[in-house]
Amino acid sequence: MRINLTKRFTLYIGTILIAGLLALMYVDRWSSSTLLEEVALGEAGKLSAAIFEQLHISMRLGGGRAENKAIIERYRQLPGIEDLRVMHGEAIDRQYGVELDEGPVDEIDRMALAGKGSTGIYEVEKGYMVARSVRPVFAERGCLSCHRAREGEVLGAVSVAVSLYVSLKGYEEIIASHNLEFLLLGGGILLAISLAVLALVHRRMLAPLARLKEAAESLSEGRLDFRVGIKTGDELELVGEAFDRMADTLLRSTSEIRDLSEKYSKLVNAATDVIVLIDLDTMKYVEANPAASRLLGYSREELLGLSPESLYEAPAIADYREAVSRWTAEGKGYLHEALVRRKDGSTVPVEVAASVLELKDRKCVQEIWRDISERKGFEETIRRHVQELEGTVQKRTSELDRSLRDLVEAYGRLQLSEQRLIQSAKLVSLGEMGAGIAHELNSPLAGILSITEVLMSRLGKENPSYFLLDKIKDAAVRSKYIILDMLTYSRPSKAGFAPMFLNEAVRGTLTIFTSEIKTRGIEIVEQFDRELPQVLGNKGQIMEVILNILKNARDAIGGSGSIFIKTLVTEDNGNRYSTAEFRDTGPGVPPDIRDKIFDPFFTTKEKGGGHNIGLGLSISQSIIKEHGGKISVEEHPCGGAVFRISLPVHKGE
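Position 649 of the sequence shown, counted from 1, bears residue number 649 in the numbering used here, the numbering being contiguous throughout.
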């Protein structure tokens, strides 16, 4: 049972004071009893001597036994005399005879008659104390005058013994009254002292201790701003000051701890990374931050009841156990990647940083998970981009190789173009010179042709000279056409441009040329676009271009074969063109001469006789360019050459 200090001090002080009071009472009673005994025995002895002296005087004055009895009786009547007896010794009894009331009654009396006196305090049957004095009286020489006996029987022997009982009842009443007064006074004094001591102890000790207790309880309840404030000027004040300093230190420490706790709590709770704590004894999660719930889909309460192994796929559990064993043995963790399972069954890749901690004698593993899904996505994207980049680099490298080859070819073509430019310059000069020559030759040729026709009209066909004139006319006509080709090549003209349909120009040319090609067994296959739009051009010149292409196709086929003609609408760089394609079944145009086929005077045919001078396709290219169009040649996959002419669609269409 717990007793507070006030009761405890009251009990202690009361016990001490009562013990002191009892001790004082015992000492007082003992001293009173001792004093009473000494005084009573002294008084009894004196009174006994006085009685004997009175009897002795009476006997010396000649008083008889009757007077002695009267004296004894008178003393018995005195207050305080309980009993008084005079006992005769043996010699007196032989002299006077034995009397019943003068004999011994106890051993003390007999010892006194034997010569040994005694004193003592005794309690009588009435319940109070008495002082008893038994005194032997020896016979002296002066007693022989009365007590006649043989020499030696009385002298020196005990003649009588006086036994006196003095009552101490009055003294006991006085002592009892004194003891009561002492008890009351001492008790009052002790009570006053007790109250004063208790008040002083309460004020100087218990109250400060109660204040210290209140302060301790306040600290235990977290009220660290409570201060003792004891001003007793003694050790308790020093204790109070030390307590206040401790409270100040606790307040500062608690404030720092609270700040640190709040800081670290915010750091942990606001962290985007998952932070979990695992007890190595139970292998259960014992703490987790909010990021863990966000990542895994479990509430904190659900997560704290799980085992880490429940978040890993079966093949990864053994690796995780091995990692934990290594962390525990080495006392530290390592960075590694793992795949953890969410509550919904999906998995998420994380990067785990682990460390081994010891909290309250328990070993724990702290794991910090970082969601690397985005990083994995970035890595996959980077890997894909790297692959794409490698493919692009390979592709660009190939293109660069092709470009280098094209550059080499372009450089070759540039050299060839330079040669052609030089040749073209020569041809320009030649064209200008040819134009002048043609102009100068036109008049003589016209005269020769006119004279020849006149002569032929005058001569009949039977005339041998007619055949010669016909030959002259034919040569003049061929020369005329050659001169016209040279004039066309040197000075193409835009005269006669008008809206026209390319289909009509093709059909018109076929009408002129069909009879000639059919005689050679060549088939014409047509595929015209009925909606082909108009173009702006000189129909005669376009028909001349088509005729040159058809002649080249005829000559390339050689014998029987086919010419496929197709018209269609094409687009290039946002511009629309009416296009005609001519494909033959001949051997085609070799790649090495494909770039030269439109050069002036270039031909693969045998030259001579005024035919095949190599200006047909060159003149055709000049005409098409004058019309703002394009002419090209390529090899068909099935064999043969494909010539293609494209003329811009007329804007007024």
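All C-beta atoms, glycine included, are put in the ideal place defined by N, C-alpha and C. Bear in mind that the values here come from a model prediction, so they are computed numbers and not experimental data.
The three-state reading of DSSP puts M129 in strand, counting E and B together. Around the beta carbon of I174, fewer than 16 other beta carbons sit within 10 angstroms, so the residue counts as exposed. By the Cβ-count criterion, I549 is buried, with 16 or more other Cβ atoms from all chains shown falling within 10 Å of its own Cβ. Shown here for L304: same chain residues with a beta carbon closer than 8 Å to its own, the five before and five after excluded, namely K284, Y285, V286, E287 and A288 in chain order. In terms of CA proximity to V228, R245 leads the group R245, E322 and L184.
One thing to note: V162 has its Cβ no nearer than 7 Å to the Cβ of R132. The beta carbons of L647 and G629 sit closer together than 7 Å. Here I13 has S194 and V197 as same chain residues with Cβ atoms under 6 Å from its own Cβ, once five neighbours each way along the sequence are excluded. Under the DSSP assignment, I546 falls in the alpha helix (DSSP H) whose first and last residues are K539 to I557. I624 places its beta carbon 7 Å or farther from that of Q541.
Taking the CA atoms as reference points, D259 sits about 33 Å from L209. By the Cβ rule, the region 524 to 536 counts as touching the region 572 to 589, because three or more pairs are nearer than 8 Å. Distance from the CA of L335 to the CA of E351, rounded to the nearest whole angstrom, comes to 7 Å.
Per DSSP, A271 lies in no beta strand (DSSP E) and is assigned neither H nor E. One alpha carbon belongs to A505, the other to E390, and they sit about 54 Å apart. A direct Cα-to-Cα measurement between L236 and K360 gives close to 36 Å. When only Cα atoms are considered, A192 and A114 end up about 59 Å apart.
At least 7 Å separates the beta-carbon of G640 from that of D592. Each of T10, E516 and S479 was checked against the Cα of A553, and the nearest Cα belongs to E516. Annotation: the region 249 to 294 contains the following complete segments of the beta strand (DSSP E) (minimum length 3 residues), in chain order: 274 to 279 and 284 to 288. In the three-state reduction of the DSSP assignment, D584 falls in the strand class, which pools E and B. In this structure, the straight-line span from the alpha carbon of A446 to that of Y466 is close to 19 Å. Within the region 325 to 371, no run of alpha helix (DSSP H) at least 4 residues long lies entirely inside it.
Within 10 angstroms of the beta-carbon of Q387 lie fewer than 16 other beta-carbons, which makes it exposed. Rounded to the nearest angstrom, the gap between the Cα atoms of V589 and E635 is 7 Å. At least 7 Å separates the beta-carbon of D273 from that of R342. Spatial neighbours of G45 in its own chain (CB-CB distance under 7 Å, excluding positions within 5 residues in sequence) are listed in chain order as T119 and S133.
Annotation for V642: the continuous beta strand (DSSP E) segment containing it runs A641 to P648.
Annotated as proximal: V166 and G80, with beta-carbon spacing under 7 Å. In summary, F582 is buried, with 16 or more beta-carbon neighbours lying within 10 Å of its beta-carbon over all protein chains present. I72 is not a Cβ neighbour of L61, given a cutoff of 7 Å. I275 counts as buried, since at least 16 other C-beta atoms from the protein chains shown sit within 10 angstroms of its C-beta.
In this structure, L190 sits near L17, with a CB-CB distance shorter than 7 Å. The beta carbon of R594 sits closer than 7 Å to those of V633, all from its chain and outside the five residues before and after it, given in chain order.
Beta-bridge annotation (DSSP): V166 is paired with I81 and A131. In this structure, D529 lies away from T570, with their beta-carbon atoms at least 7 Å apart.
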